[in-house]
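>
There are 2 protein chains.
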Amino acid sequence: MSPTRAERRAASEQRILEAARLLFAERGFERTTIRAVATAAQVDPALVMQRFGSKQELFTRAVEHTTAQTPQEDDPVEHVLGTLGWKLGELPPESLAMLRSMLTHPEAASTARAALAGQIERIGSSLGGDDASLRAALMTVIMLGVTVGHQLLELEELRDVPPEEIARLLRPCLQELAR
Amino acid sequence: MSPTRAERRAASEQRILEAARLLFAERGFERTTIRAVATAAQVDPALVMQRFGSKQELFTRAVEHTTAQTPQEDDPVEHVLGTLGWKLGELPPESLAMLRSMLTHPEAASTARAALAGQIERIGSSLGGDDASLRAALMTVIMLGVTVGHQLLELEELRDVPPEEIARLLRPCLQELAR
DNA sequence: ACGTTGATTCAACGAGTGTAGAGCGAATGC
DNA sequence: GCATTCGCTCTACACTCGTTGAATCAACGT
Chain L
7 MSPTRAERRA
17 ASEQRILEAA
27 RLLFAERGFE
37 RTTIRAVATA
47 AQVDPALVMQ
57 RFGSKQELFT
67 RAVEHTTAQT
77 PQEDDPVEHV
87 LGTLGWKLGE
97 LPPESLAMLR
107 SMLTHPEAAS
117 TARAALAGQI
127 ERIGSSLGGD
137 DASLRAALMT
147 VIMLGVTVGH
157 QLLELEELRD
167 VPPEEIARLL
177 RPCLQELAR
Chain W
7 MSPTRAERRA
17 ASEQRILEAA
27 RLLFAERGFE
37 RTTIRAVATA
47 AQVDPALVMQ
57 RFGSKQELFT
67 RAVEHTTAQT
77 PQEDDPVEHV
87 LGTLGWKLGE
97 LPPESLAMLR
107 SMLTHPEAAS
117 TARAALAGQI
127 ERIGSSLGGD
137 DASLRAALMT
147 VIMLGVTVGH
157 QLLELEELRD
167 VPPEEIARLL
177 RPCLQELAR
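For the record, the sequence lines run as chains L and W. With this note's numbering, letter number 14 in the first sequence gets 20, and the count goes up by one each step, no holes. With this note's numbering, letter number 70 in the second sequence gets 76, and the count goes up by one each step, no holes.
(1) Note down, in chain order, every chain W residue with its Cβ under 9 Å from the Cβ of L/T110.
(2) I need the DSSP call for W/H111, collapsed to helix, strand or coil.
(3) Identify, in the order they occur along the chain, each residue of the same chain with its Cβ nearer than 8 Å to the Cβ of W/Q62, setting aside the five sequence neighbours on each side.
(4) Tell me which residue opens and which closes the alpha helix (DSSP H) that W/Q62 is part of.
(5) Near W/G155, what residues of its chain come up, given a Cβ to Cβ distance below 8 Å and the 5 sequence neighbours on each side ignored?
(6) Alpha carbon to alpha carbon, how far is W/R11 from L/L105? Give it in angstroms, no decimals.
(7) For a contact defined as C-beta to C-beta under 8 Å, what are the partners of W/S139 on chain L?
(8) Which first and last residues belong to the alpha helix (DSSP H) in which L/S139 is found?
(9) Take W/S107 as the anchor and find which of W/E24, W/E84, W/A31 and W/R141 has the nearest alpha-carbon.
(10) Does the separation of the CB atoms of W/R41 and W/P51 fall below 8 Å?
(11) From W/T153 to W/G135, what does the alpha carbon distance come to, in whole angstroms?
(12) With DSSP as the reference, label L/A26 as helix, strand or coil.
(13) Would you mind working out which of L/A103, L/Q181, L/P169 and L/L28 sits nearest L/A138, comparing C-alpha positions?
(14) At which residues does the alpha helix (DSSP H) containing W/T10 begin and terminate?
(15) According to the neighbour-count rule (16 or more other Cβ atoms, all chains shown, within 10 Å of its Cβ), is L/T117 buried or exposed?
(16) Run through chain W and tell me which residues come within less than 9 Å of L/L97, C-beta to C-beta.
(17) Where does L/G130 land, buried or exposed, given buried means 16+ other C-beta within 10 angstroms?
(18) Determine, for W/A118, whether the minimum Cβ-Cβ distance to residues of chain L falls below 8 Å.
(19) For W/S132, which residues in the same chain have their Cβ closer than 8 Å to its Cβ, ignoring the five residues on either side in sequence?
(20) Taking all protein chains shown into account, do 16 or more other C-beta atoms lie within 10 angstroms of the C-beta of L/T5, making it buried, or fewer, making it exposed?
(21) Can you give the Cα-Cα distance for L/E96 and L/A121, rounded to whole angstroms?
(22) If you measure between the beta carbons of W/L144 and L/L176, is that distance less than 8 Å?
(23) On the criterion of 16 or more Cβ atoms from any shown chain inside 10 Å, does W/P99 qualify as buried, or is it exposed?
(24) Is the CB of L/G124 under 8 Å away from at least one CB in chain W?
(25) Please name the residue in L/R141, L/D80 and L/R15 whose C-alpha comes closest to that of W/E171.
(26) Under 8 Å, Cβ to Cβ, is there at least one residue of chain L near W/E182?
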């Protein structure tokens, strides 16, 4: 039996979103064209517009669950090490897409700021001291730097290092800030 | 007396380069147009092309002294804290321009990788142990993350914090990696 | 003084982009 | 069965961008 109309629609929409996530993740917002997304999704460019209204909206939809949080850990240090997908060793495409464009695309920037602010607040609330928020922010941007260097810039010195080893070296470093 | 021809030429070239640095730093490569640079430099867009050949070449020239190194410090931790302009509290526009585009522009990415690799090697050589290079890389991307969060994303929690305080909190953290 | 060089501008082209509307063809509901 | 809905494609527009070659005008050498 052939797939129903709604199924086809949902399927192509998913293909578009997935293609968009991959392309946004590896090229960023500006260098990703609607046409390239459509080609990758084996679909007409106009369909992308019809479904999502605009390139901006497509980006928003492709990245929208980035702020979804990983489950809370008891130890703030382990929580930080666990977030941003480091326990899995790889981030989902939607997160990479957001990170890739956060420095050059206004909306990606606010999404990133919001996600990081949430992270900072959660960590800060489980730290003591009056500068808890500042220390939480530093722990967060440390993980951001490691993620950028590892996943986006793909620095040679970090490329083939297993996440557990990085976590092992980072742990005492972060504990100094959690103290 | 009116300025000589060579002076005029050098002056407009400097205005163009300065305008390019500022715009590249705040909008990144893709969102910065030759026309915008020309307008900011009070010059015709065609002159920018005549002087620099292409937008890519203009970017390269605008960013070219980014890899210039800060003087070597004895203590690797203080060296890391001192680099990337943290002692000055602010990075020069050419560095910001490179950082802003490093995730979305191929050439900015290799420039950034080269600069970071140099930094990593220098730190690594003054550290002991077989994983010296890895620990040096982590110290470097930590500073990268702090810089990105502070100068580019301008996170609220870091915005109005004096660099010395950030350095103070980061010091024990980095010493764990330098050990 | 004057022809020449060279810095600068004017006007325009060509490519690529996001986007809109008309049309097609198959699944759908009566 | 059949009119209709609707997912999808074709085509094209409008715009912006990097880029170019001719034109302009002042500084320069003689």
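All C-beta atoms in this analysis are idealised placements derived from N, C-alpha and C, irrespective of residue type, glycine included.
According to the structure data:
(1) For the purposes of this step, residue 110 of chain L is taken as residue 104 along the first sequence, with counting starting at 1. The answer, in chain order, is R33, G34, F35, E36, R37, R106, S107, L109, T110 and H111.
(2) Mapped onto the second sequence, residue 111 of chain W falls at position 105. Coil, per DSSP.
(3) Taking the second sequence and counting its residues from 1, the one referred to as residue 62 of chain W is at position 56. Cβ neighbours of W/Q62 beyond the five flanking positions: E113.
(4) Here residue 62 of chain W corresponds to residue number 56 of the second sequence, with the count starting at 1. From DSSP, the alpha helix (DSSP H) with W/Q62 extends over K61 to V69.
(5) Walking along the second sequence from the start, residue 155 of chain W turns up at place 149. Within the same chain, W/G155 has close Cβ partners L161 and L164.
(6) Against the first sequence, residue 105 of chain L aligns to sequence position 99. Against the second sequence, residue 11 of chain W aligns to sequence position 5. In a straight line, the C-alpha of L/L105 is about 47 Å away from that of W/R11.
(7) Locating residue 139 of chain W in the second sequence gives position 133, counting from the first residue. Result: E163.
(8) Counting from 1 along the first sequence, the entry for residue 139 of chain L is found at position 133. From DSSP, the alpha helix (DSSP H) with L/S139 extends over A138 to T153.
(9) Counting from one through the second sequence, the residue named residue 107 of chain W turns up at place 101. If we check each option's Cα against that of W/S107, W/A31 comes out closest.
(10) Within the second sequence, the letter at position 35 stands for residue 41 of chain W. Within the second sequence, the letter at position 45 stands for residue 51 of chain W. Note that the C-beta distance between W/R41 and W/P51 is below 8 Å.
(11) Here residue 153 of chain W refers to the residue found at position 147 when the second sequence is read from its first residue. Here residue 135 of chain W refers to the residue found at position 129 when the second sequence is read from its first residue. About 27 Å.
(12) As a first step, residue 26 of chain L must be located in the first sequence, where it is residue number 20. Note: L/A26 maps to helix in three-state DSSP.
(13) By 1-based counting over the first sequence, the position of residue 138 of chain L is 132. The option with the nearest alpha carbon to L/A138 is L/Q181.
(14) One-based indexing of the second sequence puts residue 10 of chain W at position 4. No alpha helix (DSSP H) contains W/T10, which DSSP labels as neither H nor E.
(15) Start at 1 with the first residue of the first sequence, and residue 117 of chain L comes out as number 111. Burial call: buried.
(16) Along the first sequence, read from residue 1 onward, the residue named residue 97 of chain L stands at position 91. At a beta-carbon threshold of 9 Å, none of the residues of chain W lie near L/L97; the nearest stands roughly 14 Å away.
(17) Stepping through the first sequence from its first residue, residue 130 of chain L is reached at position 124. So L/G130 counts as buried.
(18) Translated into positions along the second sequence, residue 118 of chain W becomes position 112. Judged by the 8 Å Cβ criterion, W/A118 is in contact with chain L.
(19) Against the second sequence, residue 132 of chain W aligns to sequence position 126. The residues are P82 and H85.
(20) The requested residue 5 of chain L does not occur in the structure, where chain L is confined to residues 7 to 185.
(21) On the first sequence, residue 96 of chain L is found 90 positions in, with the first residue counted as 1. On the first sequence, residue 121 of chain L is found 115 positions in, with the first residue counted as 1. Cα-Cα distance, rounded: 18 Å.
(22) One-based indexing of the second sequence puts residue 144 of chain W at position 138. One-based indexing of the first sequence puts residue 176 of chain L at position 170. Against a cut-off of 8 Å, the Cβ pair of L/L176 and W/L144 comes out as a contact.
(23) Here residue 99 of chain W corresponds to residue number 93 of the second sequence, with the count starting at 1. With 16 or more other Cβ atoms within 10 Å, it is buried.
(24) To locate residue 124 of chain L, count along the first sequence from 1; it is residue 118. L/G124 does not count as touching chain W.
(25) Your numbering for residue 171 of chain W matches position 165 in the second sequence. The option with the nearest alpha carbon to W/E171 is L/R141.
(26) Along the second sequence, read from residue 1 onward, the residue named residue 182 of chain W stands at position 176. So yes, W/E182 belongs to the interface.
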